[in-house]
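Here is the structure we will look at, set down as structure tokens.
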Amino acid sequence: MNKIFLIISREYFSRVKKKSFLLTTIGVPLVIMGFYAAIIAISIDDADEKQKIAIIDEANLFEGTISSDNKLTTFSFIKNETETSFIKKYKSQGFQSFLYIQTFELDQPEKFVLHSESNASLATMTLIENIINKTLREKRLLAKGINPAEFDKISGEVSVENKLDTKDGAKKSNAGVAYGVSFACGILIYMMMIIYGTQVMRGVTEEKTNRIAEVVVSSVKPFQLMMGKILGIGAVGLTQFAIWIILLFSMQMLLPILFPDMINQINNASTEESKESVAMIAATIEGIAALPIGKIVSAFIFYFLGGYLTYASLFAAVGSVVSEDQQEAQQMVFPILMPIILGFVIMTKAINDPNSSLAVFGSIFPLTSPIVMMGRITYDIPAWQIIASALSLIACFLFFTWITGKIYRIGILMYGKKPSWKEIMKWSFSKG
Amino acid sequence: MNLLTLRHLKKYFATQKAVDDISFDIEEGSIFGLLGPNGAGKTTLLRMITGIFYPDEGEIIFNGKKFDPLNDAANIGYMPEERGLYKKMKIGELALYLARLKGLSKDDAMVAIKKWFIKLEMESWWNKKVEDLSKGMGQKLQFVTTVLHHPKLIILDEPFSGLDPVNANLIKDEIFNLAKNGSTIIFSTHRMEQVEEICNHIVLVNKGKKILDGTVKAVKQDFKENIYRIGAAFNSNINSSDLFDVVAQKENELLLKLKGDVSRNQLLNHFIEKNIDIHSFNEVLPSLNEIFIRLVEDTPATRKFQSV
Chain B
1 MNKIFLIISR EYFSRVKKKS FLLTTIGVPL VIMGFYAAII AISIDDADEK QKIAIIDEAN
61 LFEGTISSDN KLTTFSFIKN ETETSFIKKY KSQGFQSFLY IQTFELDQPE KFVLHSESNA
121 SLATMTLIEN IINKTLREKR LLAKGINPAE FDKISGEVSV ENKLDTKDGA KKSNAGVAYG
181 VSFACGILIY MMMIIYGTQV MRGVTEEKTN RIAEVVVSSV KPFQLMMGKI LGIGAVGLTQ
241 FAIWIILLFS MQMLLPILFP DMINQINNAS TEESKESVAM IAATIEGIAA LPIGKIVSAF
301 IFYFLGGYLT YASLFAAVGS VVSEDQQEAQ QMVFPILMPI ILGFVIMTKA INDPNSSLAV
361 FGSIFPLTSP IVMMGRITYD IPAWQIIASA LSLIACFLFF TWITGKIYRI GILMYGKKPS
421 WKEIMKWSFS KG
Chain X
1001 MNLLTLRHLK KYFATQKAVD DISFDIEEGS IFGLLGPNGA GKTTLLRMIT GIFYPDEGEI
1061 IFNGKKFDPL NDAANIGYMP EERGLYKKMK IGELALYLAR LKGLSKDDAM VAIKKWFIKL
1121 EMESWWNKKV EDLSKGMGQK LQFVTTVLHH PKLIILDEPF SGLDPVNANL IKDEIFNLAK
1181 NGSTIIFSTH RMEQVEEICN HIVLVNKGKK ILDGTVKAVK QDFKENIYRI GAAFNSNINS
1241 SDLFDVVAQK ENELLLKLKG DVSRNQLLNH FIEKNIDIHS FNEVLPSLNE IFIRLVEDTP
1301 ATRKFQSV
């Protein structure tokens, strides 16, 4: 037991002390946070460049005034100019673009034209289209004798809210957030299983090609060496999670301190879009609070460990039978990757339809359950399914470790030719 | 007293009888040579002695008791032929790790490592990485990690490959020292001149079977062919007679093979009567190399695959 601990700590510290570990562990959340901050900054940022737009309103659509929320864009009505004469002048008069509206019938509007030297931005186009359409609609409503204010009341829409009736009292749920969290957990487990599994495989192949394996197995059992490596790398994974969670939380705390005016900006959000994004952020926070965080975190840790341990032993066995040739490794790894990918595919289905028979099967079948179960975790899952899934995962892990331990024991000392599948099968059921 | 006894060891693989009923004893404190051509089954045999493989049949007695791989690992140091180290690790940490895997406590391991590093002038290496070492330096480190935990039995498979003569001599001296201090050494190689120099006792295996077992001296006596070298000022060519056959003749030297039960004195008398001035006379014993080649010659250079 003491020896396996030595192996675990070597595997663990040799990885954790590497610069690349620090880089990915600290760098990844920084990048995510930077991305997150950038999205917020962009969505609340009003400080765009100011622009002036001239309007030649031959149809007298606007009747000389435009009401717009947009403070950055100023409109000026130009009199006594035609479209062709003003084309040459608008730039020198300080306008970025000008809108030409020729006379038209309300029912059959002609095309409106915005002249500019370079492409008008999407925001500008949307702004102008909105203004024109709004004015046009009002005019049409009035022409039919309908009061526009009345019409707005009539066509007002409602939204539906999903209240969860849990023991702790009603909570507002957010389907989008639940979906997002399930998907993120599933993807994270999927990636971690592949990333750390491959690390185990590489480590084993390295020990084999370095020829240190035989030196070590003269001191410890091959099984101890294999398990030491698997557990050590698994511990690295858990450490990485822990650091990420701490970093994410501390950054969320730090953000308001680093950018104090951000909150003000959110609160004073003036434009409609920024009001919307504030509402969305609030709904997201509420949605996260409604999630069973404890259940998700414990399920995540269980399924990460279960899934990782099950697959890591398979990866270790592959690592032990291949030699230097990386292509060989890829060939042999493919059958292991297939169920992982299958799990991912079922997970994407399970999120949309968490109680379908495919989702239930996928979350109990041990080769796909770590990923699929995470896809269903924010929904209510019957207890028997969770128990069946957990037990079959543990049983599968024990069985695979037992089988792969035998393959590993022989493979690690075989040099030269790659063994055939038939030979590997023979090893895995050999006694002793 | 015998430190190690092998009784009827067998290990069959799918296509090979790798070790086919081998028995021998190794005396405590001796330097024992395990010889054999490539693929004879030496490595398999050593892997069974180190507990890496379990024998299919037969038993191993180590230090008076039935061999128990888990607990006896601490008393064995094994330097395999296919050997290597973790390239990215610092040398000091690696030595410490391997010593602790053998069951040494951290403090004991540090003491032992310091002692050996000073002895082999490796103190400055502590913080270097293994990948910075030359092949010979790596070999030296490998040897140190094999003997650090003061094992009763040290198994060295081709320990000198890749070493220059100076370092080879250094290691050779350490092997003698270890044996003098009570360690038993199994030395596996196909470099016969080293075996002759180092080993007391040898076993030769071929095709998974033991074909020779004895002390170096006894083996040489067993394989001698009554060949003598006479150094003298010969006036003319010597021809074979009813006493001897001439094997080779140079200016001042004659190599001949005595016939039947002719005694050495009869031979000397023969030359003295001819008034030839003899200044040296000695028996020529076969080298281990010759014995090895003679014994293994008839078998093909590589083993054929066979079904078991």
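Those protein sequences? They're chains B and X, same order as listed.
Heads up: the first sequence begins at 1 in this note's numbering, then just goes up one per residue.
Heads up: the second sequence begins at 1001 in this note's numbering, then just goes up one per residue.
No residue lacks a Cβ here, since even glycine has one placed at the ideal position from N, Cα and C.
Note that this is a predicted model, so its numbers are computed, not measured.
**Request:** Output yes if chain B places a C-beta closer than 9 Å to the C-beta of TYR1097 (chain X); else output no.
**Result:** yes
**Message:** So with CB distances below 8 Å, who are the chain B contacts of THR1050 (chain X)?
**Reply:** SER218
**Selection from B:LYS349, B:LEU30, B:TYR36 that minimises the alpha carbon distance to GLY375 (chain B)** = B:LYS349
**Asked** Is TYR415 (chain B) buried or exposed, if buried means 16 or more other CB atoms sit within 10 Å of its CB?
**Response** exposed
**Message:** Looking at chain X, is there any beta carbon in it that lies within less than 9 Å of the beta carbon of LEU6 (chain B)?
**Reply:** yes
**Prompt:** SER1280 (chain X) by DSSP, collapsed to three states: which one?
**Reply:** strand
**Message:** Quick check: the Cα distance between LEU1156 (chain X) and ASP1020 (chain X), rounded to an integer number of angstroms?
**Reply:** 22 Å
**Message:** Strictly below 9 Å CB to CB, what residues from chain B border GLY1084 (chain X)?
**Reply:** GLU207, THR209, ASN210, ARG211, ILE212, ALA213, GLU214, VAL215
**Prompt:** Going straight from the alpha carbon of ILE212 (chain B) to that of GLU1297 (chain X), what length do you get?
**Reply:** 34 Å
**Message:** Check this for me: beta carbons of LEU1104 (chain X) and LYS1140 (chain X), under 9 Å apart or not?
**Reply:** no
**Request:** Note down, in chain order, each residue of its chain lying with its Cβ closer than 6 Å to the Cβ of GLY411 (chain B), except the 5 sequence neighbours on either side.
**Result:** SER320, VAL321
**Request:** Mind checking who SER76 (chain B) pairs with in its DSSP beta bridge?
**Result:** B:ALA54
**Request:** Within 10 angstroms of the Cβ of ASN352 (chain B), are there 16 or more other Cβ atoms? Answer buried if so, exposed if not.
**Result:** exposed
**Span separating the alpha-carbon of GLU129 (chain B) from that of ASN147 (chain B)** = 22 Å
**Contacting positions in the segment 1164-1177 of chain X - beta carbon closer than 8 Å to chain B** = none
**Prompt:** Which residue's Cα is closest to the Cα of THR205 (chain B): B:TYR100, B:ALA317, B:GLU117?
**Reply:** B:ALA317
**Prompt:** In three-state DSSP terms, what is MET1079 (chain X)?
**Reply:** strand
**Item:** Short-range partners of chain X found in the segment 413-424 of chain B, where Cβ spacing is below 8 Å
**Value:** LEU413, TYR415, GLU423
**Request:** Quick one: residues in its chain with C-beta nearer than 6 Å to the C-beta of HIS1201 (chain X), no 5 flanking neighbours on either side, listed in chain order?
**Result:** SER1030, PHE1032, THR1215
**Asked** Is there a Cβ from chain X that is less than 9 Å from the Cβ of SER14 (chain B)?
**Response** yes
**Request:** Would you kindly work out how many angstroms separate the C-alpha atoms of ILE101 (chain B) and GLY156 (chain B), rounded to a whole number?
**Result:** 30 Å
**Request:** Output, in sequence order along the chain, the residues in the segment 1098-1113 of chain X whose CB is closer than 9 Å to any CB in chain B.
**Result:** LEU1098, ARG1100, LEU1101, LYS1102, GLY1103
**Asked** Can you name the residues of chain X whose CB is closer than 7 Å to the CB of ARG10 (chain B)?
**Response** TYR1097
**Message:** Residues of chain B with CB closer than 9 Å to the CB of PRO1159 (chain X), please, in chain order.
**Reply:** Here the premise fails: no neighbours, minimum Cβ distance about 13 Å.
**Request:** Could you list the residues in the segment 1032-1063 of chain X with a C-beta less than 8 Å from some C-beta on chain B, going in chain order?
**Result:** ARG1047, THR1050, GLY1051, ILE1052, TYR1054
**Reference PHE334 (chain B); option with closest CA among B:LYS50, B:THR198, B:LYS406** = B:THR198
**Prompt:** How would you call ASN1206 (chain X), buried or exposed, if buried means at least 16 neighbouring beta carbons within 10 angstroms?
**Reply:** buried
**Prompt:** Quick one: complete beta strand (DSSP E) runs, 3+ long, within the segment 1017-1060 of chain X?
**Reply:** 1017-1027, 1031-1035
**Rounded C-alpha distance that separates THR368 (chain B) from TYR12 (chain B)** = 27 Å
**Message:** Would ILE1154 (chain X) and LEU1178 (chain X) be called neighbours here (beta carbons separated by less than 9 Å)?
**Reply:** yes
**Asked** Who are the near neighbours of ALA1099 (chain X) in its chain, counting only those whose CB is closer than 6 Å to its CB and skipping five residues on each side?
**Response** ALA1109, LEU1148, HIS1149
**Prompt:** So does the segment 63-72 of chain B actually touch the segment 89-100 of chain B, counting three or more Cβ pairs closer than 8 Å?
**Reply:** no
**Item:** Pair within 9 Å by beta-carbon distance, ILE233 (chain B) and ALA329 (chain B)
**Value:** no
**Request:** Look up LYS1066 (chain X) in the DSSP assignment and give the residues it is bridged to.
**Result:** X:ILE1061
**Asked** Do TYR179 (chain B) and VAL236 (chain B) have their CB atoms nearer than 9 Å?
**Response** no
**Asked** How long is the line joining the alpha carbons of GLU1253 (chain X) and GLU1290 (chain X), rounded to whole angstroms?
**Response** 21 Å
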